[in-house]
Amino acid sequence: MPLTLSSLEGLSLSLSVYNGLAPAPIMSVILPDGERGQIVQAPGCLDNTIAINIRKHTQLVKTLDELEAEGAFNEVCDSLDLLDESGLTPTDHLLFQLKNEGQIARFLHEAVQARRNIIVAGKTGSGKTTFARSLIERVPLEERIITIEDVHELILPNHRNLVHMLYGGSHGRVTATDCVAACMRLSPDRIFLAELRGGEAWEYLVALNTGHPGSISTTHANSSLDTYDRLASLIKQSPTGGQLDLATIQAFLRNTVDIVLFFDRFKLREIFYQPRRRDLAT
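Per numbering that gives the first Met the number 0, the very first residue in the sequence shown carries number 0; after that it's consecutive.
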């Protein structure tokens, strides 16, 4: 069937009905197979035009070894070098050594096993979610995992003790903050909030400091160092975070986020990892 204006308007109407939405100039929708769609139509754009974008995420889960073989770790640089190795724990010393030796796949594996809190940062379409799935696959299979997403993209075929929570959208779904609060009563070993994008970042990061370390999450940022400023701005959107000064928030982040991995064009470009960063916050 040709993509005429009439047929696209019909598709827009069908998707709005499927999502329980009243037709509107701008709509975020979910397709029957889980793809995410964005619709813009008049008066949100020129008369007699319509824009529909559909993002179809791959369900393929690649291992860290496969990513390494494909060259995904060939262009990594350090955002900050650790000058003083004294006082490191054995685990931190191992991670620091692996990173410096360029054993990136093993560095990532050991970081997940050691329950370090990891943020995968990058622009839209940079490969953040695909890479996050590869990291989560290194979580021991016996651990209980809870994921929090607006669209189900964290496909984890090898883990069985799973709860996939969904927020936002239509049909009376709850907020991301509601999901984080509920997680605390579902006996998780690890909580994975797929993307930090609003005030829920505060509640989520607090949860990591109350007995649930080992996070893997994503956010939009322009570099690994920029990620800390990005997270601080998200925290300020929460009722509690809005009352905190920036220095307090930055110290909290330095104590909570252990590793930032910056992805661009499906390659890991930057690693920010400084084991003693938490000490510097005190």
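A virtual CB, placed ideally from N, CA and C, is assigned to each residue, including glycine.
Contact between I248 and A231 holds, since their C-beta atoms are separated by about 5 Å, short of 8 Å. One thing to note: I118 has its Cβ within 9 Å of the Cβ of I258.
Following the DSSP letters along the chain, one finds H108 inside the alpha helix (DSSP H) bounded by residues 103 to 112.
Counted as a single uninterrupted DSSP element, the beta strand (DSSP E) harbouring H219 occupies residues 215 to 219.
When the beta-carbon positions are compared, D225 and S125 stay at least 9 Å from each other.
For the pair E74 and K266, the Cα-to-Cα distance works out to about 7 Å.
Take the alpha-carbon of S15 and the one of E100: they are about 52 Å apart.
Its Cα nearest to that of T90, the residue V111 stands out among V111, D77, A104, F72. In the DSSP assignment, L20 falls outside any beta strand (DSSP E), carrying neither H nor E. F72 carries a coil assignment under DSSP once its states are collapsed to helix, strand and coil.
I147 and A193 have their C-alpha atoms spaced approximately 6 Å apart. Looking at the DSSP output, N52 shares a beta bridge with Q37.
Within 10 angstroms of the beta-carbon of A21 lie fewer than 16 other beta-carbons, which makes it exposed. When DSSP assignments are scanned along the region 145 to 185, the uninterrupted stretches of alpha helix (DSSP H) that are 4 or more residues long and fall wholly within it turn out to be 175 to 182. Assigned with DSSP and collapsed to three states, K98 falls in helix.
DSSP places V205 in the helix class (H, G or I) of the three-state scheme.
Segment contact: the region 148 to 156 against the region 29 to 43, three or more CB-CB distances shorter than 8 Å; contact assigned. Residue V39 holds the alpha-carbon nearest to the alpha-carbon of I25 among D77, G198, E65, V39.
Contact between R196 and L233 holds, since their C-beta atoms are separated by about 7 Å, short of 8 Å. Close CB contacts of K235 within its chain, under the 6 Å cut and outside five residues either way in sequence, are with G241 (chain order). Burial is judged here by how many other beta carbons sit within 10 angstroms of a residue's own beta carbon; G198 has at least 16 and is buried.
When only Cα atoms are considered, D64 and T129 end up about 14 Å apart. With respect to the 9 Å criterion, R229 and T218 are classified as neighbours on the basis of their beta carbons. Where L195 is concerned, there is no enclosing beta strand (DSSP E), because DSSP gives it neither an H nor an E.
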